[in-house]
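Asks:
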Amino acid sequence: PTNGVTNSLALRFGHPLLTDIHVREAIFSAIDREAILEALFTESYPLATSSLAKGARGYKDQSAALVYDQAKATSLLDEAGWVVGSDGIREKDGERLALTFNIALPQPRSADVVTIIQDQLRQVGIEVSTISGDQAAQTAAANDINQVQVYHSMVARADYDVIKSQYHSAN
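Our numbering puts the first residue of the sequence shown at 468, with every later residue one more than the last.
Right, here's the structure in full:
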């Protein structure tokens, strides 16, 4: 629980693989957040209901958009034209549905969270790899949309500058 931005995944929808809203919705539908909480965290960590924590100004419950539904994820990817390849990863027009996530080094469980997400997304045909390295390498990679398409982060501070740092279009 924080008063800022929850433990979140920011999808860089300017990247060609994420321009289709069906793909973005499929990613969130394929992630079983409750399973992640159960596997890695204690009861002190409530399930997020928004990208902003309940104590943050501007909070609005968005839990209806964050429901785990693997069948929906599969259907959305099918509708978007992504076909399961021989290795289980979806392909479209000769391109694999392969995304790279960062590891949020300040968060002790980030690598574990992303590893579980990697397994969950693979079940619907999305390949996930990670960028490793020290903070300088992570920051450089995160600044390049071709290196990191999904940004894992969390910021506990509740000031508006934190919200800007996470959601402003220039970032």
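Glycine included, each C-beta is placed from N, C-alpha and C at the ideal position.
Here the structure is a predicted model, which is why all the values come from computation and not from measurement.
Is the region 568-575 close to the region 602-612, with three or more CB pairs under 8 Å?
Replies: Yes, they touch.
Asks: How many angstroms separate the CA atom of residue 511 from the CA atom of residue 561?
Replies: As a first step, residue 511 is located in the sequence shown; it is residue number 44 there, counting from the start. As a first step, residue 561 is located in the sequence shown; it is residue number 94 there, counting from the start. Cα to Cα, the separation comes out at about 45 Å.
Asks: If we define contact as Cβ-Cβ less than 8 Å, is residue 499 a contact residue for chain B?
Replies: Although the question refers to chain B, the structure presented lacks it and comprises just one protein chain.
Asks: State the DSSP-derived secondary structure class of residue 491, mapped to helix, strand or coil.
Replies: As a working note, residue 491 is residue 24 in the sequence shown. In the structure shown, residue 491 sits in a helix (DSSP, three-state: H, G or I).
Asks: Could you spell out the range, first to last residue, of the alpha helix (DSSP H) harbouring residue 589?
Replies: Here residue 589 corresponds to residue number 122 of the sequence shown, with the count starting at 1. Segment 577-589, the alpha helix (DSSP H) holding residue 589.
Asks: As a quick exercise: from 537, 513, 489, 621, pick the residue whose alpha carbon is nearest that of residue 549.
Replies: Taking the sequence shown and counting its residues from 1, one reaches residue 549 at position 82. Among 537, 513, 489, 621, the Cα nearest to that of residue 549 is on 489.
Asks: Would you say residue 593 and residue 535 are within 8 Å of each other, going by their C-beta atoms?
Replies: Translated into positions along the sequence shown, residue 593 becomes position 126. Translated into positions along the sequence shown, residue 535 becomes position 68. No, they are not a contact pair.
Asks: Closer than 8 Å by C-beta to residue 429: which residues in its own chain qualify, once you throw out the five before and the five after it? Chain order, please.
Replies: The question about residue 429 has no answer, for the chain in this structure spans 468 to 638.
Asks: Distance, Cα to Cα, residue 476 vs residue 618?
Replies: For this step, residue 476 is matched to residue 9 along the sequence shown. For this step, residue 618 is matched to residue 151 along the sequence shown. Looking at the two C-alpha atoms, the distance is approximately 5 Å.
Asks: Is residue 504 near the ligand MG, in the sense that its beta carbon is under 7 Å from a heavy atom of that ligand?
Replies: The model depicted lacks the ligand MG and carries no ligand whatsoever.
Asks: Between the C-alpha atoms of residue 595 and residue 525, what's the straight-line distance to the nearest angstrom?
Replies: For the purposes of this step, residue 595 is taken as the residue at position 128 of the sequence shown. For the purposes of this step, residue 525 is taken as the residue at position 58 of the sequence shown. If I take the Cα positions, the gap works out to 32 Å.
Asks: Helix, strand or coil for residue 477? Go by DSSP, reduced to three states.
Replies: Taking the first residue of the sequence shown as position 1, residue 477 is located at position 10. It is a strand residue.
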